[in-house]
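K.L.:
Have a look at this one before I ask anything.
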Amino acid sequence: MRYKTTNDSPAPDLRGIADHSWHTRGSCHGMDPARADKLFFHTPRDHQAVAEAKRTCATCPVKKDCFNYAVDNQVRYGIWGGLTDKERQPWLANLSKRLDYDRVRAAFQGRDVHLSTAERSTVIHHAYLRGWSPERVAYLLSADLDWIRDLMREAAHVIEDRDRYWGLDEADDAGGERPKDDESTISDGPRRLQTHALIASLGKAA
Numbered sequence: 001m002r003y004k005t006t007n008d009s010p011a012p013d014l015r016g017i018a019d020h021s022w023h024t025r026g027s028c029h030g031m032d033p034a035r036a037d038k039l040f041f042h043t044p045r046d047h048q049a050v051a052e053a054k055r056t057c058a059t060c061p062v063k064k065d066c067f068n069y070a071v072d073n074q075v076r077y078g079i080w081g082g083l084t085d086k087e088r089q090p091w092l093a094n095l096s097k098r099l100d101y102d103r104v105r106a107a108f109q110g111r112d113v114h115l116s117t118a119e120r121s122t123v124i125h126h127a128y129l130r131g132w133s134p135e136r137v138a139y140l141l142s143a144d145l146d147w148i149r150d151l152m153r154e155a156a157h158v159i160e161d162r163d164r165y166w167g168l169d170e171a172d173d174a175g176g177e178r179p180k181d182d183e184s185t186i187s188d189g190p191r192r193l194q195t196h197a198l199i200a201s202l203g204k205a206a
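In our numbering, the protein residues as written are 1 to 206.
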């Protein structure tokens, strides 16, 4: 079954990959480079610098953008978005499994946003359901055409397998409950025939 719908939802509040305009609105913007390095790229045991950096990030208006940038680019050092590198590890470890539908919707609206493996797979599946061509999807994701063709072929197999068995369980349930096996109704005739045939063949062999 295929559905083609119109997406009239508002544009997600996500920045493109090349959009760094949020830098100038950060609380750390204009800070002396030596002081910024000491606070945000501190030594491992400099807890005082960590605390001061987090106080600076607490009131930053672009703290979320800073965090998203660090996670999307897998930055594994320094304080970004008010979190240290160790505190960002859970997000970095599960980055490929992240499924943010705001990013999926933004991608369909032409925004150049970072997509995880799960989000890109969702985009491919929805594009196939919408009847998009591989060339259009490749242009949308700025990806290799042959690679997109392979992904859309895999998506087609997955969706066809899903549609092939869609509703079979409901159809079986609609027909009523299946009768339970009763020992009195089970016929063991074929079992006897097989047994007699086996005995006869063994007798001939003897």
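Don't be surprised by glycine CBs; every beta carbon is placed ideally from N, CA and C.
How many angstroms separate the CA atom of Y139 from the CA atom of D102?
P.N.:
The alpha-carbon atoms of Y139 and D102 are separated by roughly 20 Å.
K.L.:
When you compare only the Cα positions, how much space is there between G16 and R105?
P.N.:
Answer to the nearest angstrom: the Cα atoms are 13 Å apart.
K.L.:
The alpha helix (DSSP H) with Q48 in it runs from where to where?
P.N.:
Residues H47 to A58.
K.L.:
What does DSSP give as the partner residue(s) for L83 in the beta ladder?
P.N.:
L83 pairs with W80.
K.L.:
Taking the alpha-carbon of A18 as reference, which of V113, G131, L141 and I148 has the nearest alpha-carbon?
P.N.:
Closest option to A18, Cα to Cα, is V113.
K.L.:
Of the choices E52, T24 and R25, whose alpha-carbon is the least far from that of D37?
P.N.:
Closest by alpha carbon: E52.
K.L.:
Give me the Cα-Cα distance between F67 and R35, rounded to the nearest whole angstrom.
P.N.:
Distance between the alpha carbons of F67 and R35: 20 Å.
K.L.:
Helix, strand or coil for D115, going by three-state DSSP, please let me know.
P.N.:
Reading off the sequence, residue 115 comes out as Leu, not Asp. Coil at L115, not helix or strand.
K.L.:
Looking only at its own chain, which residues have a Cβ that is under 8 Å from the Cβ of A156, when we skip the five neighbours before and after it?
P.N.:
Counting only Cβ-Cβ distances below 8 Å, and skipping sequence neighbours, we find Y128.
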